[in-house]
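Number of protein chains: 2
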Amino acid sequence: MDRVDKIMSQWQRERPDLDIEAMGILGRLKRLTTHLGREVEQVLLQHGLSSSAFDVLATLRRSGEPYRLSPGDLLAMTMVSSGTMTNRIDQLEKAGFVERVLNPDDRRSVLIALTENGFAAVETAVGAHVANQQRLIENLSDEDKAALDALLRKFLAKFE
Amino acid sequence: MDRVDKIMSQWQRERPDLDIEAMGILGRLKRLTTHLGREVEQVLLQHGLSSSAFDVLATLRRSGEPYRLSPGDLLAMTMVSSGTMTNRIDQLEKAGFVERVLNPDDRRSVLIALTENGFAAVETAVGAHVANQQRLIENLSDEDKAALDALLRKFLAKFE
DNA sequence: ACGATATGTCTTGACGTCAAGATAAATGCT
DNA sequence: AGCATTTATCTTGACGTCAAGACATATCGT
Chain W
636 MDRVDKIMSQ
646 WQRERPDLDI
656 EAMGILGRLK
666 RLTTHLGREV
676 EQVLLQHGLS
686 SSAFDVLATL
696 RRSGEPYRLS
706 PGDLLAMTMV
716 SSGTMTNRID
726 QLEKAGFVER
736 VLNPDDRRSV
746 LIALTENGFA
756 AVETAVGAHV
766 ANQQRLIENL
776 SDEDKAALDA
786 LLRKFLAKFE
Chain L
636 MDRVDKIMSQ
646 WQRERPDLDI
656 EAMGILGRLK
666 RLTTHLGREV
676 EQVLLQHGLS
686 SSAFDVLATL
696 RRSGEPYRLS
706 PGDLLAMTMV
716 SSGTMTNRID
726 QLEKAGFVER
736 VLNPDDRRSV
746 LIALTENGFA
756 AVETAVGAHV
766 ANQQRLIENL
776 SDEDKAALDA
786 LLRKFLAKFE
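Protein sequences appear in the order of chains W and L. Take 636 as the starting number for the first sequence in the working numbering and just add one per residue. Take 636 as the starting number for the second sequence in the working numbering and just add one per residue.
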């Protein structure tokens, strides 16, 4: 009887006509992701990066040399709107972690380039981040992890 | 090879030293919840409610007669900060969906009461919402749903 | 009784996000 | 070549969220 069960039993009592079968999965998914997101954020903040800043820096870092992508590329990889991406880049540029360089091939466009400081920041943060991720799932057995990953993959496929 | 696989293979190439095992589950959880949240929001907006407004109204509704809870009670049931709850209540009060009534037992406190309009709004919205939830998981088989729910329950238990 | 502590709610200021639309350059069509 | 359309990025304004702390009232311990 966890919190989601309580919510469902309240609905059951008040609105027995509703089919609330789906509420368990979706409620637990949402609560779980909120908890996980907060845990992730905490560790990144200890390294001076918000999740959203890390998100961009990590995308640049893992894209490989020369660690440059256009805002449009970043957009396509990060599930945020163009306005959000502009804002993220602005903040990172102010912090000195990226710089905008002209795209010689397309004057509408610009490339976001990781600076030395940006590279260093993401390089240390990512180590702590993946260790933290590992910690967050350590309570699941290997079989649980494999089963969960397979189910999430199948579920996610409907949306992307 | 979904988007999360691509991210992982990039990290694999760039930082083969990192143990990125956990990234699959956590990345898919996050992406999935983002997609689901957007789908849920869309349906609620069609009924004139944001997710956060619905969250509060639904908590009051399912608490049963007389559909009144203190901000503190609402806080305990909704994973948001006190400032966020104050703001949500302010907006709902402006919209005429709830009203603040004095708590006779504790003058520090106040009760948030669903108005007639608030009751009507949540009553129609919740029907559409649960139908939408049902739609969102319809791609999963009954076995998948049961397995996913069990895994999420176990995982979530670590955090609450 | 009364001072110290705890509790309940709200305020403030800073972020992060989005949708819609503005701006500029590139591309396609005739 | 020249105009229309598309593409790439940024701007604007509105929301929702949080942490930290302010404020008022209750409760506890002596």
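The beta carbon of each residue, even a glycine, is placed where N, CA and C say it ideally should be.
For residue 748 (chain W), the beta-bridge partners assigned by DSSP are W:703 and W:734. In the displayed model, residue 754 (chain L) falls within a helix according to three-state DSSP. Judged by DSSP in its simplified three-state form, residue 660 (chain L) adopts helix. Residue 698 (chain L) is positioned such that its CB atom lies no closer than 8 Å to that of residue 647 (chain W). Listed along chain L are 637, 638, 666 and 670, each with a C-beta nearer than 8 Å to that of residue 795 (chain W). Contact between residue 727 (chain L) and residue 688 (chain L) is confirmed by a C-beta separation of about 6 Å, below the 8 Å threshold. Between the segment 768-788 of chain L and the segment 653-666 of chain W there are three or more inter-stretch CB-CB distances shorter than 8 Å, so the stretches are counted as touching. A distance below 8 Å separates the beta carbons of residue 753 (chain L) and residue 692 (chain L). Remark: C-beta atoms of residue 761 (chain L) and residue 749 (chain L) do not approach each other more closely than 8 Å. Counting the other CB atoms within 10 Å of its CB gives residue 723 (chain W) a total of 16 or more, which places it among the buried residues. For residue 639 (chain L), the uninterrupted alpha helix (DSSP H) segment begins and ends at 638-649. Residue W:741 holds the alpha-carbon nearest to the alpha-carbon of residue 705 (chain W) among W:690, W:681 and W:741. For the options L:642, L:683 and L:792, the alpha carbon positioned closest to that of residue 711 (chain W) is the one of L:642. For the set L:700, L:695 and L:725, the Cα lying nearest the Cα of residue 713 (chain L) is the one of L:695.
In the three-state DSSP reduction, residue 728 (chain L) falls in the helix class (H, G or I). At least one CB of chain W lies nearer than 8 Å to the CB of residue 790 (chain L). Between residue 756 (chain W) and residue 672 (chain W) the beta-carbon gap is near 20 Å, outside 8 Å, which marks them as no contact. Any Cβ of chain W closer than 8 Å to the Cβ of residue 779 (chain L) would place that residue at the interface, and such an atom is present. Annotation: residue 730 (chain L) has no Cβ neighbours in chain W at a cutoff of 9 Å; minimum Cβ distance is about 22 Å.
Counting only residues of its own chain and dropping the five nearest sequence neighbours on each side, residue 771 (chain W) has a CB closer than 7 Å to the CB of 671 and 674. Against chain W, the CB of residue 658 (chain L) has a partner CB under 8 Å away; the residue lies at that interface. Closer than 8 Å to the CB of residue 707 (chain L) there is not a single CB belonging to chain W. Chain-order list of chain L residues neighbouring residue 648 (chain W): 697 and 699, by C-beta distance under 9 Å. Judged by DSSP secondary structure, residue 795 (chain L) falls outside any alpha helix (DSSP H); it is assigned neither H nor E.
For residue 722 (chain W), no Cβ of chain L is located within less than 8 Å of the residue's own Cβ. The beta carbon of residue 762 (chain L) falls within 8 Å of a beta carbon belonging to chain W, placing the residue at that interface. For the pair residue 745 (chain W) and residue 679 (chain W), the Cα-to-Cα distance works out to about 27 Å. Annotated three-state conformation of residue 783 (chain L) is helix, per DSSP.
In the DSSP assignment, residue 690 (chain L) falls within the unbroken alpha helix (DSSP H) covering 686-697.
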